[in-house]
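Take a look at the structure below.
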Amino acid sequence: MTTTATSRLTVLLTGLVLAGCSRTASPTGPSAGPAAPATFTVDRPQKKALPKVIEQPGSIQAYESTPLFAKLAGFVKKVNVDIGDAVEGPASSTTGAEPQLGTVLAELSIPELEDESRQKDALVEAARAEADQARKQVVIAQANAAAAEAQVTAAQAAQTAAQSSLKRWESESARVVQMVKDRVVNQQAADETENQLRAARAAADGARAQVLVAEKAVAKARAEFAKAESDVKASEAKVRVADADAARVRSLLSYKFVRAPFPGAVTRRNVDTGAFVQPAGAVKGEPLFTVVRLDTVRVQVDVPEADAGLVKRGAKAAVRIPSLPGPDIEGLVARTSEALEPASRTLRVEIDLPNPDRKLVPGMFATARITVEMPPAWALPANAVVKQADQTVVFLHRDGKAVRLPVRPGRTDGTWTEVFAKQKAGTPGAWDDWTGTEEVLSGPANTLADGQSVSVAGR
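Residue numbers 41 to 499, in the numbering used here, belong to the letters of the sequence shown in order.
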């Protein structure tokens, strides 16, 4: 390359570089200028009662689960059910009929008790026959007493007649004696009158004796009547004793039927036909059957100690069953144990759920969300409270700028967030309560920095 060509290339490159520098330093477009301040809204702290949601795992349990044992020793005569079979429980009648008993799961054979029951029934019949005989004796004794009283009446009438006759002959005797003295009649007439008087006295004495005899007969008849009535009471008491004894044996004999205590299903069967079973407590062993109630189930949840004091009966709950598709099942807290388990420091909480179609199976895993009401506390819109580094902060609006303020946060429901206190100005670690007059910036607060210029909507 010649010297002249080399010089031209150098000049051209230099010109291009200068031209490029000139365009960078002096743009042909308008000047960029400072960025416009972000726009926010201003909110003041408010007292809000934000409910707390306690979410804990749990499990579904049968509302009732009962192991059934034999009451009496005997041989299994018949087994009527197997696992999975539905059973009915006892039910009272609204029409006055006999109450319906639970489904018979198994029947036992107890020959000795059946013989004893027949013997007790025979003793009842004998006692009733004895009572009937005693009642008949009362009727007889009552009739005898009435007859004796009639005899007394007759004897008293005879006594009255004898007394009247005696008085007449006494008067006649006195008159005749006077007439003898006056020599109106002779002594023979006086003697005859005296004989009549003695006869009248004897008749009166006999009548008095008959009255006494009749009265004693009445007393005896009345005593026999009272005894007959006592015999009736004694015989009726014997009937009641015999009835009670027979009823006791019949009650025992009713235990040969192993019945379902409530409507539900059989989950375990540990007995076969012909097996010899013994009463519960006589030997340690498995129950004959286990029956569970499934029309209602319990969701059992263990709530940690920190939240245990918040959960009360009647609190709203939503239960999610991961193995069953569909929405959460709404319910209420039915009961709590009212005491923590010493080992786990948790409170047992139970939620009752209806289960008419029996889709909720005991043993299923569940998650319960229990909503508890809390007292009002200071709160701000959730988008005003942000996390920066290791602090939760809000930004106050002062003179068109954002002022960073650390706060102590609480719960949030997605719309509002509790802020229990604000950091005291110039004193890290010390806290002040809110006054409700603070202007707090809401919006994309996570984009703010301390001292940043802000624009407030509507101002």
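Glycine residues also receive a C-beta, built at the ideal position from the N, C-alpha and C atoms. Keep in mind it's a predicted model, so treat the numbers as computed, not measured.
- Residue burial is scored here from C-beta neighbours: Asn226 has fewer than 16 other C-beta atoms within 10 angstroms and is therefore classed as exposed.
- Positions of the beta strand (DSSP E) runs, each at least 3 residues long and wholly inside the region 311 to 379, are given as 329 to 344 and 356 to 360 in order along the chain.
- DSSP places Glu458 in no alpha helix (DSSP H) but in the uninterrupted beta strand (DSSP E) bounded by Trp456 to Gln463.
- By alpha-carbon distance to Ala126, the top candidate from Pro446, Arg175, Ala305 and Glu478 is Ala305.
- Of all C-beta pairs linking the region 147 to 160 to the region 335 to 342, fewer than three are shorter than 8 Å, placing the two stretches out of contact.
- Between the C-alpha atoms of Trp456 and Gly124 there is a straight-line separation of about 50 Å.
- The alpha carbon of Glu378 has as its nearest neighbour, out of Leu387, Leu420 and Leu108, the alpha carbon of Leu387.
- In the DSSP annotation of this structure, the continuous segment of the beta strand (DSSP E) that includes Gly304 starts and ends at Gly304 to Arg309.
- Of the other Cβ atoms in all chains shown, 16 or more fall within 10 Å of the Cβ of Phe435; this residue is therefore buried.
- Secondary structure at Asp473: coil, using DSSP grouped into helix, strand and coil.
- Pro415 counts as exposed, since fewer than 16 other C-beta atoms from the protein chains shown sit within 10 angstroms of its C-beta.
- Within the same chain, and ignoring the five residues on either side of Gly314 in sequence, the residues whose Cβ sits closer than 7 Å to its Cβ are Phe115 and Val116.
- In this structure the region 405 to 412 does not touch the region 425 to 434; the number of beta carbon pairs closer than 8 Å is below three.
- Leu108 places its beta carbon 8 Å or farther from that of Pro303.
- Taking a C-beta distance under 8 Å as the contact criterion, Ala110 and Pro319 qualify as a contact pair.
- Distance from the Cα of Glu189 is smallest, within the candidate group Val253, Ala229, Val258 and Leu141, for Val258.
- Val480 sits close to Leu420, with the two beta carbons spaced by under 8 Å.
- For the pair Val192 and Ala201, the Cα-to-Cα distance works out to about 14 Å.
- Counting only residues of its own chain and dropping the five nearest sequence neighbours on each side, Asp271 has a CB closer than 7 Å to the CB of Ala174 and Gln177.
- Excluding residues up to 5 positions away in sequence, Gln431, Val433 and Gln463 lie with their Cβ nearer than 6 Å to the Cβ of Pro446 in the same chain.
- In the three-state DSSP reduction, Pro394 falls in the strand class (E or B).
- Around the beta carbon of Lys296, a 10 Å sphere encloses 16 or more other beta carbons of the protein chains shown; the residue is thus reported as buried.
- The three-state reading of DSSP puts Glu95 in strand, counting E and B together.
- Under the three-state reduction of DSSP, Val144 is assigned to strand.
- Non-local C-beta neighbours of Glu210 in its own chain, meaning closer than 8 Å and more than five positions away in sequence, comprise Leu237 and Ala240, ordered along the chain.
- In this structure, Phe405 keeps its C-beta atom at 8 Å or more from the C-beta atom of Ser149.
- C-alpha of Asn235 to C-alpha of Ser204: approximately 17 Å in a straight line.
- For Ile410, the enclosing beta strand (DSSP E) starts and ends at Phe405 to Val412.
- In this structure, DSSP gives Phe265 a helical state, which the three-state scheme calls helix.
- Taking 8 Å as the upper bound for CB-CB distance, Gly142 and Pro301 are in contact here, some 6 Å apart.
- Bounds of the beta strand (DSSP E) holding Thr432 are Gln431 to Arg438.
- Judged by beta-carbon spacing, Val459 lies within the 8 Å limit of Pro85, meaning their Cβ atoms are closer than that value.
- With contacts defined as CB atoms closer than 8 Å, Lys441 and Gly491 qualify as a contacting pair.
- Take the alpha-carbon of Ala243 and the one of Val217: they are about 22 Å apart.
- A straight-line Cα-Cα distance of about 47 Å links Gln182 and Ser132.
- One Cα belongs to Val93, the other to Lys356, and the distance between them is close to 10 Å.
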